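Below is one structure, written out as structure tokens, with a few remarks after it.
Number of protein chains: 2
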Amino acid sequence: MVEERQEMDRCDCEVIHEDIVNLVRSKMPLEETLYDLAELFKVFGDSTRIKILWALDEAEMCVCDIAWLLNMTQSAISHQLRVLKQANLVRNRKEGKIVFYSLIDEHVKQIFNQGLEHTREL
Amino acid sequence: MVEERQEMDRCDCEVIHEDIVNLVRSKMPLEETLYDLAELFKVFGDSTRIKILWALDEAEMCVCDIAWLLNMTQSAISHQLRVLKQANLVRNRKEGKIVFYSLIDEHVKQIFNQGLEHTREL
DNA sequence: CATACATATGAATGATTGTTCATATATTCA
DNA sequence: TGAATATATGAACAATCATTCATATGTATG
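These protein sequences, in sequence, are chains A and B.
Positions in the first sequence are counted from 1; adding 594 to them yields our numbering.
Positions in the second sequence are counted from 1; adding 594 to them yields our numbering.
This is how it looks when you write it as structure tokens:
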């Protein structure tokens, strides 16, 4: 299948900026890579999930404790834990009736801290 | 105003896990801080905005060039640049008719790179 | 086996959001 | 001043999403 470039609104900057645009284009990561990256940040882009991740970075916890900690329903937490698990951010361990969740990736806290540095720079 | 803790679904783990939950609670950042953090990541959680930021990290660019680069309409780009500006991620500079946008924060690329490290670890 | 409990899940709903379309604003140039 | 160009913006629409509610699944316990 031939990849055809759709004719876009093209302003007169073209002649002047074409080189820069082409340079930038050549340096951009793959479309798919950037899509995946956006998907990851989408997971971080909800304060309930941020709180869960922050909590799990402190200690492994079961679902009902997270719900209690965050003052939310068990169901809401359970749904969000599923999202976090699908994003490979948390793992779980079953002990009888109780399911304990914990953080998988050590980058998470680093990403959060860098984000915090930005928000503090206002 | 008195802060009243809403009665939540509370499981029998309470007795056993109460100490851990209270410890975690004491270590959690302010509600508002985590909300702001989530808002920041929400901005990163869209592939159009990710692409714009990635592009601007390479070079200052005008609106129509970004639109051309990303094969999108000027209007769509303009709307997203507004979101990025409100999040204090980009600044702009006017030169006649043309408005050039550039990146404000050097953390951005670092945050992206850490995010990429996570996505690569699947 | 029946009951209680911890968690998961599907459907429904209200809210948010990204893009498009039409149009407004601002600037240059003839 | 009028036409052309670059950008911004408001309304509308479709799509996505977080929470709730009801209920299902799985496990221990009496």
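Every residue, glycine too, gets a C-beta built ideally from N, C-alpha and C.
Computed from a prediction, not measured in an experiment: that's the story for all the values here.
Measuring alpha carbon to alpha carbon, tell me which residue in the options is nearest residue i.
| i | options | result |
| --- | --- | --- |
| Met622/B | Leu628/A, Ile644/A, Arg714/A, Ile614/A | Ile644/A |
| Asp651/A | Phe635/A, Arg685/A, Glu715/A | Arg685/A |
| Glu612/B | Lys679/A, Phe706/A, Ala653/A | Ala653/A |
| Glu711/A | Asn665/B, Leu617/B, Leu628/B, Leu675/B | Leu628/B |
| Glu700/A | Glu626/A, Phe638/A, Met655/A, Leu683/A | Leu683/A |
| Met655/A | Gln704/A, Glu689/A, Glu625/A | Glu689/A |
Apart from the five residues on each side of it in sequence, which residues of its chain come closer than 8 Å, Cβ to Cβ, to residue i?
| i | result |
| --- | --- |
| Ser672/A | Val657 |
| Ile614/B | none |
| Ile610/A | none |
Output the distance between the C-alpha atoms of residue i and residue j, rounded to the nearest integer angstrom.
| i | j | result |
| --- | --- | --- |
| Leu631/B | Gln708/A | 10 Å |
| Ile646/A | Ile698/A | 13 Å |
| Val702/A | Trp662/A | 23 Å |
| Thr667/B | Leu678/A | 33 Å |
| Ser620/A | Arg687/B | 25 Å |
| Ala670/B | Ala681/B | 17 Å |
| Asp606/B | Ile692/A | 10 Å |
| Tyr695/A | Leu664/A | 15 Å |
| Phe706/B | Leu617/A | 20 Å |
| Gln674/B | Arg676/A | 29 Å |
| Phe635/A | Phe635/B | 5 Å |
| Thr642/B | Ile660/B | 10 Å |
| Phe638/B | Phe638/A | 9 Å |
| Glu715/A | Glu633/B | 15 Å |
| Gln704/B | Leu624/B | 24 Å |
Keeping to the same chain, check which residues put their C-beta closer than 6 Å to that of residue i; ignore five residues upstream and five downstream.
| i | result |
| --- | --- |
| Asp640/B | none |
| Met595/A | Any reading at Met595/A must be qualified, since the residue scores a pLDDT of 34, below 50, and its modelled position is unreliable; the value itself is stated next. Contacts found: none. |
| Thr713/B | none |
| Trp648/A | none |
| Glu717/A | Any answer about residue 717/A is impossible in this case: the structure gives chain A only from 595 up to 716. |
Could you give the residue range of the alpha helix (DSSP H) that holds residue i?
| i | result |
| --- | --- |
| Glu711/B | 701-714 |
| Glu689/A | No alpha helix (DSSP H) contains Glu689/A, which is instead part of the beta strand (DSSP E) from 684-689. |
| Ile692/B | From DSSP, Ile692/B is part of no alpha helix (DSSP H) but of the beta strand (DSSP E) over 692-697. |
| Leu624/B | Unbroken run through Leu624/B: none, as it is neither H nor E. |
| Ala649/A | 641-652 |
| Cys658/A | 657-664 |
| Ala670/B | 668-680 |
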